[in-house]
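The listed protein sequences derive, respectively, from chains A and B. The numbers in the first sequence follow the numbering used here, run straight up by one, and end at 335. The numbers in the second sequence follow the numbering used here, run straight up by one, and end at 335. All residues carry an ideal CB built from backbone N, CA and C; glycine is no exception.
Number of protein chains: 2
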Amino acid sequence: MLDIIASVDIGATKITASLCNRDGIIIRIYQRTRLTGDEGSIPDQVKELVDTCFVKARLEKDKLIAVGISTAGPFQRMDGKLHLVSPNICGGMTPERGVLPNSWRSVPIEKELSKHFKNLVIQNDAVSGVMAERTFGAGKGYENLLYVTWSTGIGTGAFVDGKLIRGKNGNAPHGGHVFLGDTGPVCGCGNTCDLEAVASGTAIALQYGGGATTAEVFEAYSRGDAKAKKVIQEAATYFARGLASINSVLDTKMIVIGGSVFLNNRDLLLPLVKEEFYRSFPALSRDVLFATSELGEYLGDIAAISLVIPEDWIKEWRTTKPWERAPDTIYLDG
Amino acid sequence: MLDIIASVDIGATKITASLCNRDGIIIRIYQRTRLTGDEGSIPDQVKELVDTCFVKARLEKDKLIAVGISTAGPFQRMDGKLHLVSPNICGGMTPERGVLPNSWRSVPIEKELSKHFKNLVIQNDAVSGVMAERTFGAGKGYENLLYVTWSTGIGTGAFVDGKLIRGKNGNAPHGGHVFLGDTGPVCGCGNTCDLEAVASGTAIALQYGGGATTAEVFEAYSRGDAKAKKVIQEAATYFARGLASINSVLDTKMIVIGGSVFLNNRDLLLPLVKEEFYRSFPALSRDVLFATSELGEYLGDIAAISLVIPEDWIKEWRTTKPWERAPDTIYLDG
Chain A
2 MLDIIASVDI GATKITASLC NRDGIIIRIY QRTRLTGDEG SIPDQVKELV
52 DTCFVKARLE KDKLIAVGIS TAGPFQRMDG KLHLVSPNIC GGMTPERGVL
102 PNSWRSVPIE KELSKHFKNL VIQNDAVSGV MAERTFGAGK GYENLLYVTW
152 STGIGTGAFV DGKLIRGKNG NAPHGGHVFL GDTGPVCGCG NTCDLEAVAS
202 GTAIALQYGG GATTAEVFEA YSRGDAKAKK VIQEAATYFA RGLASINSVL
252 DTKMIVIGGS VFLNNRDLLL PLVKEEFYRS FPALSRDVLF ATSELGEYLG
302 DIAAISLVIP EDWIKEWRTT KPWERAPDTI YLDG
Chain B
2 MLDIIASVDI GATKITASLC NRDGIIIRIY QRTRLTGDEG SIPDQVKELV
52 DTCFVKARLE KDKLIAVGIS TAGPFQRMDG KLHLVSPNIC GGMTPERGVL
102 PNSWRSVPIE KELSKHFKNL VIQNDAVSGV MAERTFGAGK GYENLLYVTW
152 STGIGTGAFV DGKLIRGKNG NAPHGGHVFL GDTGPVCGCG NTCDLEAVAS
202 GTAIALQYGG GATTAEVFEA YSRGDAKAKK VIQEAATYFA RGLASINSVL
252 DTKMIVIGGS VFLNNRDLLL PLVKEEFYRS FPALSRDVLF ATSELGEYLG
302 DIAAISLVIP EDWIKEWRTT KPWERAPDTI YLDG
């Protein structure tokens, strides 16, 4: 029997859990994130999902050697353990918005999961994303690498001088929260006019208004809708300025962009982003390269896997790309 | 005869050069920066100033073991060597401003000085500033440390996870160029409304107008001048937001602030900065500490010294603080 690793990707809307061995991905299950109950709700759901993977795959848990958790952030360290303090998960952080069905102020993710799993590694999803891109994707070989996910929110992860940067609470680089203006939309985090507030998928839908989804705004753009064009061009301009700000701090070489907003609209967005980015301070911007995430819909899984994958599996996985022949996802009811 | 190290601090207006041995600072000379002649003008001036230190101190150059250069940035790497591409030094970068008496597009600082000096270390002045603060100043013991100089311009240097961050061209973290708005003053770098354009000493003087110097704007504030109050409060607000943006990228623990604008007006500025900083996303801002640079007018020298000081001098220097009993500066004509 081969060693098994488990990977879990926690988002505000869904959690996916997978098991892998050195031959590839064995099973992948999907469930909506449980945002009700007490602060232990999400850690309990993660434990259940990993257990369910073992049951459905008819495997024994004694072969589990490590668990990688990639999760929406940010974190706060309390009593030495990482707690989730994400305004999109913890209703107690944003009671004035009144959209989350809980009053959690933090989720004790590390404390609860470390009781249950050994060799547990927990990272912000964009930080694990940059691990994935550097290990298996478009960032291979770059010592100075920024990964950006442009999705419902905007997250970033980075290697600087060949090292993954973490910061005091593991929140570096939380680039979605750089300020880009004085007045304008308010972010879920409370900041006015930060990158996420003006350029995320959520921001695009809100700026367009009328209850349109982000995808519908892009459809309207392709039909020649002037308002959609304005909203999307503004978002792309802000996104580029946000990247320029982050690059001025990190002096990066390669920026890999992923996330559903970008990947679904790459041919439209990439030229807009590059044009505005290279307008910023040339001495800092001119040597920077752009690439598109190559890991597609499995980025979240590969991200969590990258946190704990044994060194001696990597070379083979780079060739076989097991995420391209992953088994069908099993959708569980909540 | 004791080993000697040389330190040079290159700014857009002046260059200081010093010699030290393990007992302390032996000599310090000061000269206005030569911004005329060809691209080799500043490297030549640096060589001359170090030579002049040896002549005036009546010391032999064969005891020189290393040279630390702290300089205004940013850098660009050409043929593997660092070149200065500073818009405040290279007139060829900003011909439209027409204020610099040269047409240099870059200064071959490393190429020229490495012919002349062995064990040469060149760093951006705020990067060497954070080295100085972590070795001898208010940043001792911090693994996640940001140093900010709030002066004519705004520069930053940082340790993340215990490592000095450099980036691909040694420009990390060039935090003065994070964007803070869409419209407003234009920075020397070409960015509109970046941190340096809206909060630096230069920005404060320009916003007040009428030919007032930065110091005169602060004097006007202390006399109750309403316009000065507005200008300075806006600059402090922008400065705090810039720090919040940089902190969101680096997840730092301690921010040490130095530079003439801050040090001359600390009691006024620090409360304004802290109030605005802690308003930003609490999960990222709440654990951050602030301190004032303790190295005073010698920061630039200590910064350059910190780049090359032998490990076994440090403990003694932390106790004896030789910069507090440095010899009188010798002012040389240009």
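Query: Neighbour-count burial assignment, Thr319(B), 16 or more Cβ in a 10 Å radius; Result: Note that residue 319(B) corresponds to Arg in the displayed sequence, not to Thr. Arg319(B) should be labelled exposed.
Query: Cross-strand partners of Thr293(A) (DSSP beta bridge); Result: Ile258(A)
Query: CA nearest to the CA of Ile331(A), picked from Gly182(A), Thr17(A) and Ala133(A); Result: Thr17(A)
Query: Backbone secondary structure at Gly93(A) - three-state DSSP; Result: helix
Query: Nearest candidate by alpha-carbon position, reference Gly69(A), set Gly130(A), Leu36(A) and Pro96(A); Result: Gly130(A)
Query: Range of the contiguous alpha helix (DSSP H) that encloses Asn248(A); Result: Ala227 to Leu251
Query: Three-state class that DSSP yields for Trp324(A) in the structure shown; Result: helix
Query: Ser249(A) vs His175(B) beta-carbon contact at 8 Å; Result: yes
Query: Within chain B, the residues that Ala245(A) reaches when beta carbons sit closer than 7 Å; Result: Phe180
Query: Interface residues of the stretch 38-60 of chain A facing chain B [CB-CB below 7 Å]; Result: none
Query: Where Ile28(A) falls: helix, strand or coil (DSSP); Result: strand
Query: C-beta atoms of Asn22(B) and Pro75(B) nearer than 8 Å; Result: no
Query: Neighbouring residues, chain A, relative to Pro109(B) (Cβ below 9 Å); Result: Within chain A, no residue comes near Pro109(B); the closest Cβ sits about 15 Å away, beyond 9 Å.
Query: Candidates Trp151(A), Glu134(A) and Thr153(A), of which the one nearest Glu144(A) by Cα; Result: Glu134(A)
Query: Member of Leu50(A), Ile110(A) and Gly99(A) whose CA lies at the smallest distance from the CA of Lys82(A); Result: Ile110(A)
Query: Short CB-CB distance (under 8 Å) between His175(B) and chain A; Result: yes
Query: Contact between the stretch 179-187 of chain A and the stretch 180-197 of chain B (3+ Cβ pairs under 8 Å); Result: yes
Query: Residues of its chain near Val257(A), where Cβ-Cβ distance is below 6 Å and the 5 sequence neighbours each way are ignored; Result: Glu134, Ala139, Gly140, Tyr148, Ala292 and Ser294
Query: Thr184(A) beta carbon near the ligand MN (any heavy atom closer than 7 Å); Result: The ligand MN is not part of this structure, which contains no ligands at all.
Query: Leu146(A) versus Gly158(A) - alpha carbon distance; Result: 8 Å
Query: Environment of Glu220(B) [buried if 16+ CB atoms lie within 10 Å]; Result: exposed
Query: Proximity of Ala13(A) and Thr37(A) at Cβ, strictly below 8 Å; Result: no
Query: Contacts that Ser19(A) makes with chain B (C-beta to C-beta distance below 9 Å); Result: Going along chain B, no residue has its Cβ under 9 Å from Ser19(A), so there is no contact; the nearest lies around 28 Å.
Query: Per-residue contacts from Gln77(B) into chain A (C-beta, under 7 Å); Result: Ala284
Query: C-beta neighbour in chain B for Gly168(A), strict 8 Å; Result: yes
Query: Where the beta strand (DSSP E) containing Val68(A) begins and where it ends; Result: Leu65 to Thr72
Query: Test: Ser249(B) CB closer than 8 Å to a CB of chain A; Result: yes
Query: Beta-carbon gap between Ala327(B) and Asp10(B) smaller than 8 Å; Result: no
Query: Inter-residue Cα distance where the pair is Lys322(A) and Glu97(A); Result: 45 Å
Query: Positions along the stretch 271-296 of chain A whose CB lies within less than 9 Å of some CB in chain B; Result: Arg280, Ser281, Phe282, Pro283, Ala284, Leu285, Arg287, Asp288 and Val289
Query: From Phe137(A), Asn192(A) and Lys254(A), residue whose alpha carbon lies closest to that of Glu312(A); Result: Phe137(A)
Query: Span of the beta strand (DSSP E) around Lys82(A); Result: Lys82 to Leu85
Query: Proximal residues of chain B, C-beta to C-beta of Gly191(A) below 9 Å; Result: Arg280, Ser281, Phe282 and Pro283
Query: is_contact[Arg242(A), chain B] using C-beta, thresh 8 Å; Result: yes
Query: Contact list for the stretch 140-166 of chain A against chain B, Cβ threshold 7 Å; Result: Asn145, Val161, Asp162, Lys164 and Ile166
Query: Nearest candidate by alpha-carbon position, reference Pro60(A), set Gly93(A), Gln46(A), Ile6(A) and Pro88(A); Result: With the sequence shown as reference, residue 60(A) is identified as Leu, and Pro is not the correct amino acid for it. Ranking Gly93(A), Gln46(A), Ile6(A) and Pro88(A) by Cα distance to Leu60(A) puts Ile6(A) first.
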